[in-house]
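Asks: The structure is given below, and queries will be raised subsequently.
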Amino acid sequence: MPPVDVDTASVETQMRNLTLSGHVGFDSLPDQLVSKSVQNGFIFNIMCIGETGLGKSTLMDSLFNTNFESSPSPHTLPTVKLKAHTYELQESNVRLKLTIVDTVGYGDQINKEDSFKAVVDYIDAQFENYLQEELKIKRSLSAYHDSRVHVCLYFICPTGHGLKSIDLVCMKKLDQKVNY
Numbered sequence: 064m065p066p067v068d069v070d071t072a073s074v075e076t077q078m079r080n081l082t083l084s085g086h087v088g089f090d091s092l093p094d095q096l097v098s099k100s101v102q103n104g105f106i107f108n109i110m111c112i113g114e115t116g117l118g119k120s121t122l123m124d125s126l127f128n129t130n131f132e133s134s135p136s137p138h139t140l141p142t143v144k145l146k147a148h149t150y151e152l153q154e155s156n157v158r159l160k161l162t163i164v165d166t167v168g169y170g171d172q173i174n175k176e177d178s179f180k181a182v183v184d185y186i187d188a189q190f191e192n193y194l195q196e197e198l199k200i201k202r203s204l205s206a207y208h209d210s211r212v213h214v215c216l217y218f219i220c221p222t223g224h225g226l227k228s229i230d231l232v233c234m235k236k237l238d239q240k241v242n243y
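As numbered in the working numbering, the sequence shown has no gaps in its residue numbers, which increase by one up to the final residue, 243.
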């Protein structure tokens, strides 16, 4: 069958207004979506990257008006350790499952060359975990705890000397992986 030429300029769209004989309910769809989201709760994952003592835990406490009771980190760790803490918060009738990932020991080593690798590996692992869950034939994403990092807060030392090379290298590595 040869292709048919259709002049799109000559095609008119007709819209009919129908009077409803009763209440249909599509005007309440936005409210239904909001109440469904509130009922299910929200998940939010924050990663805090920065040297020990810059106020990462203090900012999280202030941001959520909660004392998360994090223990002080030593400055003598040989490697960077990532600690993910999950908290269930509730304000009014809204539930929030908050995960804060702290980079303990970041930038405290003498050789800071590999400090960013643990961070990048963690983020990649979370993406991979989510992908594996999505690829399952019988998946349950509603029950799955999405641990992908939603936002990354990078703390810069306030010495007044500008960015350190570790800051530039780490931010360059994270550029395509997280939101700043």
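Beta carbons: idealized from backbone N, C-alpha and C, even for Gly.
Can you give, in chain order, each stretch of the beta strand (DSSP E) that sits fully within the segment 138-204 and has at least 3 residues?
Replies: Runs of the beta strand (DSSP E) inside the segment 138-204: 144-154 and 157-167.
Asks: Please identify the residue among R79, M110 and A206 whose C-alpha is closest to the C-alpha of A181.
Replies: If we check each option's Cα against that of A181, M110 comes out closest.
Asks: Around the Cβ of N128, are there at least 16 other Cβ atoms within 10 angstroms (buried) or fewer (exposed)?
Replies: Result: exposed.
Asks: Which of helix, strand or coil does DSSP assign to N250?
Replies: Residue 250 falls outside the range modelled here, since the chain spans only 64 to 243, and no answer is possible.
Asks: Label F105 either buried or exposed according to how many other C-beta atoms from any shown protein chain fall within 10 Å of its C-beta, with 16 as the threshold for buried.
Replies: F105 comes out exposed.
Asks: Figure out for me which residue from D184, Y185 and S210 has the closest Cα to the Cα of E196.
Replies: The option with the nearest alpha carbon to E196 is S210.
Asks: Of the choices N156, E132, T142 and V143, whose alpha-carbon is the least far from that of T149?
Replies: Taking only the C-alpha atoms, the option nearest T149 is E132.
Asks: Tell me, please, whether the CB atom of I109 is closer than 8 Å to any CB atom in chain B?
Replies: The structure shown has no chain B; it contains just one protein chain.
Asks: Applying the criterion that 16 or more other CB atoms from any shown protein chain within 10 Å of the CB defines a buried residue, is N108 buried or exposed?
Replies: The residue is buried, with at least 16 neighbouring Cβ atoms inside 10 Å.
Asks: Below 8 Å on the Cβ atoms is my guess for F218 versus K144; work out the distance and round it to an integer in Å.
Replies: That pair is no contact at about 17 Å.
Asks: Note the first and the last residue of the continuous alpha helix (DSSP H) segment covering L237.
Replies: Start and end: S228 to L237.
Asks: Relative to the C-alpha of V183, which candidate in I112, L152 and D94 has its C-alpha closest?
Replies: Comparing Cα-Cα distances from V183 to each of I112, L152 and D94, the minimum goes to I112.
Asks: Which stretch, first to last residue, makes up the beta strand (DSSP E) that contains V212?
Replies: No beta strand (DSSP E) contains V212, which DSSP labels as neither H nor E.
Asks: Should E151 go down as buried or exposed, given a rule of 16 or more other Cβ atoms within 10 Å for buried?
Replies: Classification for E151: exposed.
Asks: Ignore the nearest five residues each way along the sequence and tell me which others in L198's own chain have a CB closer than 7 Å to its CB.
Replies: No residues qualify anywhere along the chain.
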